[in-house]
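Residue numbers (numbering that gives the first Met the number 0), protein chains in the order written: chain A, 0 to 155; chain B, 0 to 246.
For every residue, glycine included, the Cβ atom is placed at its ideal position computed from N, Cα and C.
Computed from a predicted model, the values in this text were never measured in an experiment.
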Amino acid sequence: MASNSDNSAVGMPQLDFSTFPNQIFWLVVFCVVLFAIVKFFIIPRMEDIFANRRKIIDGNIAKAEEIRLRVSEIEKQIEEELQKAKSQCDEIMNASGNNIKEQMALALEDSKIATTQLISEAEGRLKELRDGSEAAIEKISEELASVIISKISRGK
Amino acid sequence: MEKQSAFNIHPMDQFIIDPMLTGDSLEWYSFTNQALWMLISLVSISFVFIYGSRKHQLVPGRLQSIAELMYFFIRDMIIDIAGQEGLRYFPYIFTLFILILFGNVLGLLPYSFTYTSHIAVTGFLALSVFIAVTIIGFVKNGIGFLSLFWISSAPLALRPILLIIEVISYFVRPVSHSIRLAGNMMAGHAVIKVFAGFAGALGLGAIAPILAITAVYGLEMLVVVIQAYVFTILTCVYLNDALHPGH
């Protein structure tokens, strides 16, 4: 009951069991050939493409990692330099502070010397003055005494 | 034998296996229109997968994109459903997928022959899957494969009943698996052919059936891809049952 003379289907050609051996024969041939193509051409090719892509991506990731490492290294260096500069700055500041103190002490010393000199000078002058006045008082009292004596002697 | 009708529509004629070289006699080795379309499918697959990706491009072109899309779609599907162990069977499942997909899609060409519309073809494929999965199940799990039918998570009283249901559904698998695909292919093509018959008979009024054909054709484009997908995903599900019968 495959088909009539007009080549027109009666019922479902799918249920014509006389065609089954032929269909299955060609299907098996087709499957085997297709499987061989898949196994020996398609899969190696696709895996190769995929592996290449993977390799490049992995390479890029490794490169990025390397750059990241270098960046952190540079950052560390910068940190170190900064630390060094800071300590240097501290040193300079300390040094200049000491310098200022020293100079101030020197100036203080100078001023002290000057002051003591001034004081001693003033004391000298004072002493002079005092000595002068003592002499004057002596003289005056001598005069006064002679006047008194003369007055007394005259009154007698 | 011949039915006479006003429209003279023969929607099933497109499914007739026609020996092309040996005249009218159909021997098991005769080269038929079905074998021809299997050959065309083989050439198309080679074109897409081998010619299309011959340059091994890092950034794929159009054809290579299509090939990669299909390849990794099936690969990921197997991993999702059957796990990493399922990848061992990837070549078989991928062969099955492109065999059905290209058969379905090429079958939509006018004057073509859809080899996946034949129950002999889909039945053979489904039976192969069924037998292969059963063998894998017993080889991988030994007698433990039978735990697939003994649902340990169900109450004990229900288990014998579930056992019967599970056993029946297991043996119905190849039937539903094959008839789903062949039925979908046959129905869609037959409907298109019926509308085409109307269009031939209606003269100017043919615009309506032609519009209908266009709509059905659009639907069929969807169906052919989905059916190839469904056949493959069910194969993966069955494979998963064989690899992990304990659920």
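Other residues of its chain near residue i: CB distance less than 7 Å, five sequence neighbours each side excluded
i: B:Y114; result: Q33, W36, M37, G102 and V120
i: B:S43; result: F101 and L105
Alpha carbon of residue i to alpha carbon of residue j, nearest angstrom
i: B:I39; j: B:Y50; result: 15 Å
i: B:I130; j: B:A153; result: 27 Å
i: B:G202; j: B:I209; result: 11 Å
i: A:N98; j: A:I60; result: 56 Å
i: B:A198; j: B:V47; result: 35 Å
i: B:S151; j: B:F30; result: 52 Å
i: B:M69; j: B:L238; result: 20 Å
i: B:T21; j: A:V27; result: 20 Å
i: A:I42; j: B:R74; result: 11 Å
i: B:Y88; j: A:K75; result: 52 Å
i: A:D15; j: B:Y169; result: 27 Å
Sequence-distant residues of the same chain with beta carbon closer than 6 Å to residue i, five excluded per side
i: B:I99; result: T115, A227 and F230
i: B:P10; result: A189, K192 and V193
i: B:G82; result: none
Whole-number beta carbon distance between residue j and residue i, since they are thought to touch under 8 Å
i: B:G245; j: B:S146; result: 6 Å
i: B:Y28; j: A:F24; result: 6 Å
i: B:A125; j: B:P173; result: 4 Å
i: B:P90; j: A:F49; result: With a Cβ gap of about 15 Å, B:P90 and A:F49 do not count as contacting.
i: A:Q13; j: B:I118; result: 5 Å
i: B:N183; j: B:V222; result: 6 Å
i: B:H55; j: A:N51; result: 7 Å
i: B:F148; j: B:V166; result: 5 Å
i: B:I247; j: A:N21; result: What is shown of chain B runs 0 to 246, which leaves residue 247 of chain B out entirely.
i: B:G187; j: B:V215; result: 7 Å
i: B:I92; j: B:T234; result: 6 Å
Burial state of residue i, where buried means 16 or more other Cβ atoms lie within 10 Å
i: B:G85; result: buried
i: B:M76; result: buried
i: B:S218; result: A quick correction: the sequence has Leu, not Ser, at residue 218 of chain B. Exposed, since its Cβ has fewer than 16 Cβ neighbours within 10 Å.
i: A:V31; result: exposed
i: A:G131; result: exposed
i: A:M45; result: buried
i: B:F66; result: In the sequence on display, residue 66 of chain B carries Ala and not Phe. Buried is the call here.
Same chain, Cβ closer than 8 Å to residue i, five either side skipped, listed in chain order
i: B:Q63; result: G51, S52, K54 and Q56
Original post:
Between the stretch 101-123 of chain B and chain A, which residues of the former have a C-beta closer than 8 Å to a C-beta of the latter?
Top reply: Y114, S116, H117, I118, A119, V120 and F123
Original post:
Between the stretch 14-29 of chain A and chain B, which residues of the former have a C-beta closer than 9 Å to a C-beta of the latter?
Top reply: L14, D15, F16, S17, T18, F19, P20, N21, Q22, I23, F24, W25, L26, V27, V28 and F29
Original post:
Taking a cut of 7 Å between CB atoms, which residues from the stretch 55-67 of chain A lie near chain B?
Top reply: I55
Original post:
Got a sec: which bits of the stretch 214-239 of chain B sit with their beta carbon under 9 Å from any beta carbon on chain A, in order along the chain?
Top reply: none
**OP:** Taking a Cβ distance cut-off of 8 Å, strictly less, list which residues of the stretch 153-174 of chain B are near chain A, in chain order.
**Re:** none
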